[in-house]
Amino acid sequence: MPIDLHQDSPAASADPPASPGLWLDAQRQHAKNMVRWLYLSALADTPLAIIQAGLLAWLAAGLLNGVPSLWLPASLLLLTLASRALAGAARARFSAGAAADISQAVRGAVAEALLRGAGGTLTAGEASTALLEQAGAVGRYHAGFAVQRRVASVATVLFLLAAFSMDWIVGVIFLCTAPLIPVFMMLVGSGAQRAADRQLESLRFLGGYFLDRLRGVLTLRAFAREAAEQRAVDTVNAEYRKRTMKVLRIAFLTSAVLELFAALSVALVALYVGLHLLNLIAIGPGPRLDFATGLWLLLLAPEFYQPLRQLAAGYHDRAAARAAAEVLAPLLQDSGATTVSADVSTTATTLTLDQVSFRYPGCEETLLHDCSLTVTAGTCLVLRGDSGTGKSTLLKLIAGLLAPDTGEVRHNRRPAPLLAQVTGNLAWAGQHPWFIHGTVADNLRLAAPDADDEALHQVLAECGLEHLPAGLDTALDENGGGLSGGQGRRLALARALLSPAPLLLLDEPTAELDAPLEQRIIAALRARKGQRTLVIATHSPALATLADQSLWLGPSPVPMEGRAHG
């Protein structure tokens, strides 16, 4: 029966999008064990700091009182110092590992989302910023501020218990001054967040702006516009530098104020201990506050505020991570991607579409609705229909570049994996190919690294490219500069034909070609039937003769040939 691919249908149900904050917290799972060990190694410093302060006070009091043998406190002090050093080294190692693991996982998810077509409005500069800077900010947040927040809450309680056990006045001083730091962080938080958002926006713009000028450098030189564009880039760079310095200014100012609070609090403890030891005040534990106890409390004071200072120092990491989450969370939500492993196959692929529906975000009309078909391995499916009816979209769904709203695409009875995981399982030749800077040979060998020159010459001849000016040494840029538009598309086709991939996806491979050249390409494709599964989108009646199955996409019911069904 025919398929009407433009029927109205209810929107596919989807999970509600996660908020950026929830998404940011969820990224911890990518390094759960590493973060756990990071937390334990960071927390271990607190009891060791309490013990170290006590041993130093014991040792100093013994020296003052002329105790003949102090080997025990000295030995314990050396052991404590070594333990703190080991805990610090472990913390640094686990912190670096957690940041790397989380950043790598986020980068992988962002790359997969971009390959599936999410973030279609992002420029190349914005995409690179998302992959590098923003993913890195998420990793630094979980390895820094997120862990330190938990450490500071537990460490504060331990220090308070230690202080109250020796002198309740010092405990009250700690208890009253400790909230000043988080309260101040809350006051400056909104300003720091806004500054981080503006700095990130400026970085994304700078990346796209610079990349655009870099791509057009030959045009700029041809029209003698290098100096003018250099000044424009300097202006954009100066704006980014100004916004970055504003973020740093807020960070340094915050740290300075917090250091002032901590110093005043330590001075208050020192004043209390000094007056008590001089018998100038009588409140507190009274005679129980001897020199050793007073020194221990005084040494404890800076250690008490250290976790809070470290928390404040990492506050700008939190602002940067939240700004990154505002961009990355919607991007990954739009992708709808799930990771599916795939093995590279060397035999033709059986392709199945099971009630696949798709609608582009922001569009009211469903482009594909309940499309079902099976393509037997080694056969050719031709997609036909007017422009804009979904032929290229269906190819992207088959390739894994897009995720269906409902239904499933299967390769050999397995869910279609992400393109990043199946570059050995399919070859694609689209209407707007991209290349690497290099020669024709370099670009062809992306599909078959071990291919010799004879194989390259043969596939070029099949696509009518045997007479290139410099042959295999013809230089290209990433836009195909060095070739005409038609030659660039045929080079992409040659690369796909050279690939050993068992599934070939071709979008208008013979568009704008004369009849003799079209027949050469049809012959090349016919030679690969049986060993490869071909899916071809075309308007050409001549190319459609290759079809074992045909699927007409359009608003009107049109009978289908072969085994495609819906």
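Read in full-length UniProt numbering, the sequence shown has 161 at position 161, and its numbers run on one by one without any break.
The beta carbon of each residue, even a glycine, is placed where N, CA and C say it ideally should be.
Keep in mind the model is a prediction, meaning the values are calculated, not measured.
Discussion item. Taking 8 Å as the cut-off, does the stretch 520-539 touch the stretch 375-387 (at least 3 CB pairs, one atom from each stretch)?
Written reply: Segments in contact, yes.
Worksheet item: Between which two residues does the beta strand (DSSP E) containing H411 stretch?
Response: Unbroken beta strand (DSSP E) run through H411: T406 to H411.
Fill in: Inter-residue Cα distance where the pair is R225 and T219
If you draw a straight line from the Cα of R225 to the Cα of T219, it is about 8 Å long.
Practice prompt. Could you spell out where the alpha helix (DSSP H) holding R149 opens and where it closes?
Written response: F145 to M166
Discussion item. According to DSSP, is V67 part of a helix, a strand, or is it coil?
Written reply: Correct three-state label for V67: coil.
Worksheet entry | For L328 and Q134, believed in contact at Cβ under 8 Å, the rounded distance | 6 Å
Worksheet entry | Exposed unless 16 or more other CB atoms sit within 10 angstroms - verdict on H467 | exposed
Worksheet entry | Residue closest to A152, alpha-carbon to alpha-carbon, out of L331, Q487 and D45 | D45
Fill in: Anticipated Cβ contact below 8 Å, L277 with F291, distance rounded
For a cut-off of 8 Å, the C-beta gap from L277 to F291 is around 7 Å, short enough to register as a contact.
Fill in: Within 8 Å, strictly: CB atoms of H35 and H142
One point to set straight first is that residue 35 is Val, not His, in the sequence displayed. Closer than 8 Å, so yes.
Discussion item. Considering only their Cβ atoms, is the gap separating S387 from H369 smaller than 8 Å?
Written reply: no
Item to complete: Can you grab the Cα-Cα spacing for the pair V67 / G314, in whole Å?
Response: 44 Å
Discussion item. So if DSSP puts T350 in a beta bridge, which residue, or which two residues, is it bridged to?
Written reply: Per DSSP, none; premise fails for T350.
Discussion item. Just to confirm the assignment, what range does the beta strand (DSSP E) spanning T393 have?
Written reply: No beta strand (DSSP E) holds T393; the alpha helix (DSSP H) holding it covers K391 to A399.
Fill in: Burial state of A195, where buried means 16 or more other Cβ atoms lie within 10 Å
buried
Worksheet item: Measuring CB to CB, does F304 end up less than 8 Å from L180?
Response: no
Fill in: Cβ pair residue 598, P73 closer than 8 Å
There is no way to answer for residue 598, as the model of the chain reaches only from 1 to 566.
Discussion item. Can you give me the C-alpha to C-alpha distance between A389 and L505, rounded to a whole angstrom?
Written reply: Note that residue 389 is Thr in the sequence shown here, rather than Ala. Here the alpha carbons of L505 and T389 stand approximately 17 Å from one another.
Practice prompt. Report yes if the CB atom of A542 is closer than 8 Å to the CB atom of L498, and no otherwise.
Written response: no
Practice prompt. To the nearest angstrom, report how far apart I436 and R322 are at their CA atoms.
Written response: 35 Å
Item to complete: Enumerate in chain order the residues of its own chain whose CB-to-CB distance from T474 is below 8 Å, with the five nearest sequence positions on each side excluded.
Response: By the criterion of a C-beta distance shorter than 8 Å, T474 is surrounded in its chain by T439, V440, L468, G482 and L483, once the five residues flanking it on both sides are discounted.
Fill in: Local conformation of F358 per DSSP, three classes
strand
Worksheet item: What do you reckon, are the CB atoms on G488 and G385 nearer than 8 Å?
Response: No. Outside cutoff.
Worksheet item: Given a threshold of 16 other Cβ atoms within 10 Å of its Cβ, counted over all protein chains shown, does residue 567 qualify as buried or as exposed?
Response: Nothing can be reported for residue 567, as the shown portion of the chain is limited to 1 through 566.
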